[in-house]
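Peer 1:
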Amino acid sequence: MEAVFPKPRIPEEEYIYPGHLACPGCGASLSMRYALKALGPKTMVVIPACCWSIIAGPFPYSTLKVPIYHTAFETAASVSSGMAAALDQLGQGDITVMAWAGDGGTFDIGFQALSGAAERNDNILYVCYDNEAYMNTGIQRSSATPYGAWTTTTPERHLKDRPKKNIMEIMAAHQIPYAATACVAYPEDMIQKFRKAKTIRGMRFIHLLSPCPPGWKIPDDQSIKVTRMAVNSKAFPLYEVEYGEKYRITVEPRNIPVRDYLKVQGRFRNLTDDDIRNIQFSVNKNWDRLQKKVRYSE
Amino acid sequence: MKDVMLGNHAASHGARLSKVDVIAAYPITPQTLIVEKLSELCADGDLNAKFIKVESEHSAMAACIGAEAAGARSFTATSSQGLALMHELLHWASAARLPIVMAEVNRALAPGWSIWTEQTDSLAQRETGWLQFYCENNQEVLDTVIMAYRIAEQVLLPVMVVLDAFILSHTNEIVDVPEQAMVDSYLPPYQPEFKMDVNNPHAFGGLVTPDNYMEMRYKIHQAMQRAKTVAVEADQEFQEIFGRSYGVMEAYKLDDAEYVIMSAGAITSMLRVIVDAYREKGLKLGLLKIKMFRPFPTEIFKKLLAGRKKIGVLDRDISFGATGIFFQEIKAALYPEKKNGVPALFGYVMGLGGRDITLSHLEQMVDHMMSHDEPEEDSVWIGLKK
Ligand SMILES: Cc1ncc(C[n+]2csc(CCOP(=O)(O)OP(=O)(O)O)c2C)c(N)n1
Ligand code: SF4
């Protein structure tokens with residue numbers, strides 16, 4: 062299958078300054094860089110407690126060339142809703158209000174506010190950069206942590222025994238205008254999705270798989286490669302959903318075994334062959350289900 | 404224009420006349436009618452505001468924070484459990500210096516469920532950096548919401564306008580509703596010096612090292628201190644335009660009083676009656692009504708209370724293991740001057756969870772104070788069943 066989007070030029074403009082405080086190889090900082098390249102200067106960013114509260118720099122510095130509002134862990138969506146309503150009321154409705162939260166702030170503690178904003182179809186772009194754990198507080202499990210992963214709260218003797226929460230399906234079930242997955246290993250795809258999201262009014266949700274070298278236990282220079290394997294093993298398919306109905310896969314995976322993706326990461330070191338077979342089974346099942354939805358949309 | 408309205412609706416009209424831009428609220432008895440009325444006013448075009456019907460009080464406060472940060476005047480209302488749920492964000496609002504105004508209907512906290520009046524919910528928020536004004540009647544509720552924006556936007560701190568559950572929230576009273584033009588001349592539009600602005604990007608609320616944090620807190624404290632004067636001025640100017648004023652506290656028959664009773668909220672109306680009754684019997688009793696609780700007007704209290712013989716403080720609230728909360732504050736205000744003439748201070752706890760406070764309870768309070776030279780315990784509970 063051809064890529065759905067033609068390859069765009071990646072804009073040269075930078076809205077993120079060098080000198081930010083992310084670890085080397087951090088996917089979250091690269092994700093923001095691409096997101097802002099796509100959205101441009103008429104953007105306001107709302108950041109709840111997460112790694113990005115640190116990456117953005119301490120007072121009085123700022124890593125971004127657009128305004129940032131730091132807020133409480135569970136309020137990315139609701140603060141953004143208020144901000145978007147205010148901008149509308151003050152005649153500045155053309156500004157994109159982007160909530161930018163980690164998986165903890167999205168899947169867990171901020172979930173109620175996110176669901177509320179989605180149900181109301183508030184005019185915000187909600188982006189979850191998902192590094193699959195609470196990294197800011199030192200790698201604890203979140204409900205985005207995959208089955209079998211090591212974290213500091215799922216130690217070797219008790220690895221995570223539940224699958225990752227399927228946030229995309231939950232968001233799609235809210236029938237919001239736009240939901241998409243993306244990642245830094247496919248920047249053109251990611252930029253297209255942010256550009257598209259920018260043109261839509263109402264609730265937009267983008268789920269970014271965001272590699273984290275210390276959390277995933279991978280070398281600093283491998284994050285893009287590993288993320289690419291997530292897509293190609295179908296562990297993290299790249300697709301989009303309009304109004305909870307219209308599904309489209311935007312990058313066709315190359316079909317590598319999920320074992321290859323797991324084996325390069327220290328956090329999956331303790332998996333047995335049985336575990337890996339089970340994971341492959343559920344990856345296949347999820348992929349089949351996704352394909353059915355794509356077919357149903359046609 | 405005079406109208407008959409509930410205390411809750413007085414709060415709604417206060418918000419309407421203040422021309423709020425964004426409202427975000429979540430229903431809780433007995434506050435619900437405030438936002439229902441505002442929904443109607445927005446739907447009918449009588450108020451040009453965005454109304455975000457959020458899924459919790461926590462999100463209501465978060466949405467107000469986002470709105471104010473973008474430069475819009477915002478309003479919310481809550482009560483009891485809703486206020487408790489907001490607690491974390493009350494700090495976020497004040498430390499971000501956002502002049503949000505919130506109507507808070509005093510209601511007891513669970514368990515057991517109680518929808519009736521008690522002041523512990525709002526008093527428990529005294530360290531959040533919000534100004535607090537307690538209202539005695541519905542007129543005061545409407546007027547105080549308007550004044551609250553005036554004060555909040557000058558000192559850049561949020562304000563809670565507090566009224567009693569049912570006793571005010573669900574009671575009709577005649578209220579003089581001012582003309583919009585008069586309110587406009589009193590309350591200029593919200594024009595914050597700093598806000599989210601794509602043409603002048605800044606980061607707000609990020610990481611602060613020990614190098615700067617303390618100075619930021621000091622500035623909040625200074626703003627609170629400044630609010631004491633700003634509130635007095637706001638009240639005086641309100642008087643000039645609208646012909647009504649409340650002061651930051653109100654003295655009733657206090658000039659020659661040797662004995663003083665103090666409280667806040669709707670109960671002060673009954674305390675006036677008690678003062679009159681004892682005056683008739685020849686007792687030199689006076690009343691000091693606390694309207695502004697944060698910032699705490701310590702200097703004024705000291706001046707007004709110096710040289711009195713005894714003071715009784717009525718608390719419709721309790722800090723478990725300590726005393727009533729107003730009592731603590733008055734005690735703390737008077738203590739540093741350990742000179743002769745510091746009055747004996749008596750604390751009374753009553754009316755919790757909406758328990759009726761009768762005239763006889765208030766007589767028990769005054770009689771207790773008169774029959775003891777010194778307080779024997781920190782707080783005397785009145786109206787307890789045996
Ligand atoms: C109410 C509250 N509880 C806990 C915290 C502590 N805390 C800060 S960031 C964080 C984890 C963030 O995880 P995630 O959203 O996944 O973002 P990441 O750190 O991975 O970037 C936690 C638990 C907090 N700030 N507020
Ligand atoms: S811990 Fe992970 S997500 Fe956080 S800054 Fe470092 S690499 Fe990025």
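Line by line, the protein sequences are chains A and B.
According to our numbering, the first sequence holds residues 62 to 359 in order.
According to our numbering, the second sequence holds residues 404 to 789 in order.
Quick reminder that beta carbons are idealized off the backbone N, C-alpha and C, glycines included.
(1) Check whether the Cβ of alanine 418(B) lies closer than 8 Å to any heavy atom of ligand 1, and answer yes or no.
(2) Could you tell me which of Arg309(A), Glu359(A), Arg330(A) sits nearest to tryptophan 348(A), measuring between CA atoms?
(3) Which residues bound the alpha helix (DSSP H) around glutamine 557(B)?
(4) Below 9 Å between beta carbons: does that hold for glycine 88(A) and valine 245(A)?
(5) Tell me whether tryptophan 211(A) counts as near ligand 1, meaning its Cβ is closer than 8 Å to at least one heavy atom of that ligand.
(6) Secondary structure at arginine 70(A), three-state DSSP: helix, strand or coil?
(7) Looking at tyrosine 429(B) and ligand 1, is the gap between the Cβ and the nearest heavy atom below 8 Å?
(8) Please name the residue, chosen from Tyr130(A), Tyr190(A), Pro121(A), Pro275(A), that lies closest to glutamine 326(A) on a Cα-to-Cα basis.
(9) Could you check the C-alpha separation between lysine 353(A) and methionine 229(A) for me, to the nearest Å?
(10) Comparing the CB of alanine 89(A) with every heavy atom of ligand 2, is any distance shorter than 8 Å?
(11) Establish whether the CB of glutamate 596(B) and some CB of chain A are separated by less than 9 Å.
(12) Would you mind stating whether phenylalanine 478(B) and valine 558(B) have Cβ atoms separated by less than 9 Å?
(13) Between the C-alpha atoms of lysine 259(A) and alanine 470(B), what's the straight-line distance to the nearest angstrom?
(14) Under 8 Å: does the beta carbon of threonine 167(A) sit that close to some heavy atom of ligand 1?
(15) For a quick check, are the C-beta atoms of threonine 206(A) and proline 298(A) less than 9 Å apart?
(16) Where does the unbroken alpha helix (DSSP H) through phenylalanine 172(A) begin, and where does it stop?
(17) Along the chain, where does the beta strand (DSSP E) containing leucine 690(B) start, and where does it finish?
(18) Among residues of its own chain, excluding the 5 on either side of valine 188(A), which ones have a beta-carbon nearer than 7 Å to its beta-carbon?
(19) For a test of the three-state rule: what should DSSP assign to glutamine 594(B), helix, strand or coil?
(20) Would you say the beta carbon of glycine 86(A) comes nearer than 8 Å to a heavy atom of ligand 2?
(21) Could you compute how far the alpha carbon of glutamine 731(B) sits from the alpha carbon of glutamate 779(B)?
(22) Taking C-beta to C-beta, are leucine 534(B) and alanine 551(B) nearer than 9 Å?
(23) Check whether the Cβ atoms of aspartate 791(B) and glutamate 521(B) sit closer than 9 Å, and answer yes or no.
(24) Using a beta-carbon distance below 9 Å, is glutamate 491(B) in contact with chain A?
(25) With distances taken from CA atoms, which of Asp600(B), Leu441(B), Ser482(B) is nearest histidine 461(B)?
(26) Quick one: measure Cβ to Cβ for arginine 202(A) and threonine 214(A), integer angstroms, because I've assumed they're closer than 8 Å.
(27) Mind checking proline 216(A): buried by the 16 CB within 10 Å criterion, or exposed?
(28) Can you find a CB in chain B that lies within less than 9 Å of the CB of histidine 131(A)?
(29) Of all the beta strand (DSSP E) runs that stay within the bounds of the region 648-702 of chain B, which reach a length of 3 or more residues?
(30) Where in the region 193-235 of chain A do unbroken runs of the alpha helix (DSSP H), each at least 4 residues long, occur, reported from the N-terminal end onward?
(31) Between which two residues does the beta strand (DSSP E) harbouring threonine 481(B) extend?
(32) Please check if any C-beta of chain B sits within less than 9 Å of the C-beta of glutamine 341(A).
(33) Determine the direct distance from the alpha carbon of histidine 490(B) to that of alanine 99(A), and round the result to whole angstroms.
(34) May I ask you to report which of helix, strand or coil DSSP gives glutamate 306(A)?
(35) Suppose you measure from the CA of tyrosine 76(A) to the CA of glycine 417(B); what does that come to, to the nearest Å?
(36) Taking three-plus beta-carbon pairs below 8 Å as touching, is the region 443-462 of chain B in contact with the region 574-589 of chain B?
Peer 2: Quick look at the numbers:
(1) no
(2) Arg309(A)
(3) 541-558
(4) yes
(5) no
(6) coil
(7) no
(8) Pro275(A)
(9) 16 Å
(10) yes
(11) no
(12) no
(13) 20 Å
(14) yes
(15) no
(16) 172-181
(17) 688-693
(18) Ala96, Met159, Ala160, Trp161, Ile267, Leu269
(19) coil
(20) yes
(21) 16 Å
(22) yes
(23) Given a span of 404 to 789 for chain B in the structure shown, any question on residue 791(B) remains unanswerable.
(24) yes
(25) Ser482(B)
(26) 5 Å
(27) exposed
(28) yes
(29) 652-655, 662-666, 688-693, 695-697
(30) 228-234
(31) 477-482
(32) no
(33) 37 Å
(34) coil
(35) 43 Å
(36) no
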